[in-house]
Structures are given as structure tokens and as C-alpha cells.
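Have a look at the structure below before the remarks.
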Amino acid sequence: MSAKRPPPDPIAVLRGHRASVMDACFHSSRPLLFTGAADGELRVWDTVQHRTLSSTWAHGGASGVYSVATNSSIGDRVVSQGRDGTCKLWEVEESGLSRKPLLAFRTSAYHFCKLSLVKNPTVEVEKPEKDIDSEERGTLVSDGGSGNTSTTPIGGTFTNARQNIMVLAGEDSSQVEVWDLSVAKKLVCFPQCNVGSSAKQRGMCMAVQAFLPSESQGFLNILTGYEDGSMLWWDIRKTEVPVSSVNYHSEAVLSISIDGQCSGGISGAADNKLVMFTLNHQTGSCTIKKEITLERPGIASTSVRADNKIAATAGWDHRVRIYNYRKGNALAVLKYHSASCNAVSFTPDCKLMASCSEDTKVALWELYPPRIQQ
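Residue numbers for the sequence shown follow the UniProt record's numbering, beginning at 1 and rising by one.
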């Protein structure tokens, strides 16, 4: 965004939550937004009419909803994660959420790490285009609702037979667990405690991102961020040793978001750094593409839009920041929220972004929307 152009206002503000809104995610193909709040309420919003379709008390007591997630692989379903050590799978019906969850299972994980569903590539190749800085309404490269089918580990390999994979920090908070949502079964837990003291030295796992790069021959890859600022890249075929281990942050990594090619991403932490990185699948290396020093510390959430053009961060300083993902330069600072921002999320078709905050509000934004193809 040009320095002379003021930052935009939200196109809509969704009010209804009575507690801090902890997370938000869009349906893969329908105009629906899911949000979860610290008092345990899970809401479904109509993003066209800007109203609540339904709500339920998903996680009771003082535990609250910490994470909500959905993608095209699980279809008309959404997963909620509570601080009560449980995850629940909900059916999304025409009128909203199912009255009761399809599955409710105990992970016994009490922590601050949001779960991750599997990210599939949405951008196949980089094409020379007009840059987002030119103020052009960029062409959508690929619809995030499409792409490869996510896969499930069976007997040490991955097939397309089952698709409902969830990754989260484990009961032992230094470990990572891979679950099959269709049967509420834990499939893999790593690293094992007997491999040495390095896992304990890293501290709690604070961020996870599961993804399925085209170079992996159908095997799940996972990025994990830890209390000590380290980020590890894992291949499910060999969880004894990470593919790569880097330490880009001086404080706990709070968010990792993979890009549309599954060849890089962005990480935010409790320190004053935002890091854009690339993953080389041939050499198994992770390198910094751009390191941005922030005026104020604390990035609670990051998100890269499906077309790889822009990225967003949710800050403790009440600000949502927008960046050119390819170049790493700042485009806009969005100043609507009056309290710490907890999450940012883009629609798969790249037309909308949602931000949610401790101020109990959810804002919808239209930022550099894709150009309609003729």
C-alpha cells in the first residue's frame, strides 16, 4: 500500500461474542466463518449477510475454545480445541452447527498450542505478475479450496484412503501428536523422550503446521515452534531426527504459517521479529528470506494468503499488519481492534480476511482482492 493511502477500514464487524475471540477460520467453499472464544462459545457466521447462523458452548467452564480449524479435506466439518484437554469434531449443517459433536475425544493436552490440519499446495509455480505494490488488483493464482487431497499415515506410509489428519502438541508438551480425526485415534507421537535431552531443552511446543509438499511423495511434513525460539522441520518417515532445526527467534515461537506452495512460510513469536523463510526440499534446509524487526514485540498469529501474494500478522499491540509475501515489505497497518489481536485468517478464494481480538470483535477485511478473470 502506498504511504499516501490511508489503511482501509473493515468491510464488516461481527459482534456477538462476550469474551476474547481466540481463533477464526473460513469454510473451504461456503461463505461461512467459524470463531471460538475464551468462554467456550463456538460461532458460525454468514460472511455475506454478516450475521450469526448458530452458536454452541463447545468447551465448558473456564477452559474456553483455543483453536478452530477446517479445510477441504474434512468437508462440512470443523474442529474445535479447548483448554480442557479435549478436541471436538462438529458437522456443519444448513442451519449451522450440529447440536452435538460428531466426535469428542480427550487429548489430555493443556497448553497454548493451536492444532493444525494438513495444508496442501494451492500454488503450483511462481509466475511473473504485476506486484501487489503496484496497487493492481492481483489475479488469483489458484483457488485455495482446490488442490491435492491430504493423506493419512497407515503402517508408516501415507495413502489417500483416509484424509482426516490433525496435528497438535501432545500430553507431554514437548512432543507432537498426529491424530486420525475419523476415528479419534492417536497415530504417532514424537520425538520420543528417550532420544535425549534436546526436546526438553527446547521447552513446550508452542506452534505446529502440518503440510503435504508435492516433493514429499505423499508423506506428511510438520513444522514445530518451541519456547526457546527454535523451529524444527519434521518428515513423518523419520521422526527420530528433524529434517532441519533453526533458531530464528529469541523468545517462544507462537505461530507458523506455510505458504501456498508449501515451500516456505512465516513465523511470529513473543520477540520483536517476524521471519519469512524458505524450505528447500532437496537439501532439507530452512533459510531466512526476510527478517523484519517490529516496533513492539508479540505476534500471536500469522497467515499467508493462498495465492502467495500477501501475508498477515495479529499483534499483541492491537494491530494487524499486512506484508507483501514475495518481497517482505510492509503494505498496511490495520488499527481497528482495541485489544490484543489473537488470529488472522484468509478465505481460500483470497477475497476476504478475518481478524479477531480480545476486544470480543471479529473484523472482515477486503485487501488487494484477486482480479476477476475474463
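Glycine included, C-beta positions come from ideal geometry on N, C-alpha and C.
Between Val-118 and Ala-210 a beta carbon distance of about 5 Å is seen, short of the 8 Å cut, so the two are scored as contacting.
Short of 6 Å from the beta carbon of Pro-31, and not among the five residues preceding or following it, lie these beta carbons of its own chain, in chain order: Thr-47, Val-48. Leu-14 is bridged by DSSP to Val-362. By the CB criterion at 7 Å, Ser-303 and Val-333 fall outside the cutoff.
Residue ranges of uninterrupted beta strand (DSSP E) with 3 or more members, entirely inside the segment 174-212 and ordered along the chain, are 176-180, 185-190, 205-211. Relative to the Cα of Val-68, the nearest Cα in the group Glu-215, Pro-7, Thr-122, Leu-42 belongs to Leu-42.
Its chain contains Met-22, Asp-23, Gly-36, Ala-37, Ala-38, Gly-40, Glu-41, Leu-42, Ala-58, His-59, Ser-80, Gln-81, Gly-82 as the residues whose beta carbon lies nearer than 8 Å to that of Val-65, once the 5 sequence neighbours on both sides are disregarded; these appear in chain order. Non-local C-beta neighbours of Asp-359 in its own chain, meaning closer than 6 Å and more than five positions away in sequence, comprise His-337, Ser-338, Ala-339, ordered along the chain.
At a Cβ-Cβ threshold of 7 Å, Gly-265 and Asp-259 count as neighbours. Taking the CA atoms as reference points, Pro-121 sits about 13 Å from Ser-73. Here the alpha carbon of Thr-313 sits roughly 6 Å from the alpha carbon of Ser-301. By alpha-carbon distance to Lys-327, the top candidate from Phe-112, Tyr-110, Ile-288, Val-241 is Ile-288.
In the structure shown, Ser-214 falls within a helical segment according to DSSP collapsed to helix, strand and coil.
According to the DSSP secondary-structure assignment, Cys-350 is paired through a beta bridge with no residue. Excluding the 5 residues flanking it on each side, Arg-18 has same chain C-beta neighbours closer than 8 Å at Ala-37, Asp-39, Glu-41, Thr-360, in chain order.
For the UniProt repeat "WD" (58-100), there is no continuous alpha helix (DSSP H) assignment of 4+ residues that stays within its boundaries. Residue state for Ile-236 is assigned as coil, using DSSP reduced to three classes. Comparing alpha-carbon positions, the option among Thr-239, Ser-98, Met-166 lying closest to Thr-86 turns out to be Met-166.
Bridge pairing for Thr-35: Ala-24, Arg-43 [DSSP]. For Val-123, DSSP records no beta bridge to any residue. Under the three-state reduction of DSSP, Arg-319 is assigned to coil, being neither helix nor strand. Counting the other Cβ atoms within 10 Å of the Cβ of Pro-213 gives 16 or more, which makes it buried. Excluding five sequence positions before and after His-50, the CB atoms of its chain that fall closer than 7 Å to its own CB belong to Ala-12, Leu-14, given in chain order. Cβ atoms of Ile-236 and Leu-220 come within 8 Å of each other, at about 4 Å. DSSP lists Ile-310 as the beta-bridge partner residues of Asn-324. Apart from the 5 residues on each side of it in sequence, Trp-90 sits with its Cβ closer than 7 Å to the Cβ of Arg-77, Val-78, Ser-80, Leu-97, Ser-98, Pro-101, Leu-102 in its chain, given in chain order.
A direct Cα-to-Cα measurement between Tyr-323 and Asp-172 gives close to 35 Å. Between Asn-272 and Leu-294, the C-beta gap is smaller than 7 Å, which places the two residues in contact. Rounded to the nearest angstrom, the gap between the Cα atoms of Ile-292 and Glu-94 is 43 Å. For His-111, same chain residues with a beta-carbon under 7 Å away, outside a window of 5 residues either side, are Ala-169, Ser-173, Met-204 in chain order. Separation of Met-353 and Val-275 (C-alpha to C-alpha, rounded to the nearest whole angstrom) is 21 Å. Around the C-beta of Glu-366, fewer than 16 other C-beta atoms lie within 10 Å, and the residue is accordingly described as exposed. Per DSSP, the continuous beta strand (DSSP E) segment holding Tyr-226 begins and ends at 221-226.
A distance below 7 Å separates the beta carbons of Ala-207 and Ile-256. For Leu-232 and Tyr-325, the gap between their C-alpha atoms comes out near 21 Å.
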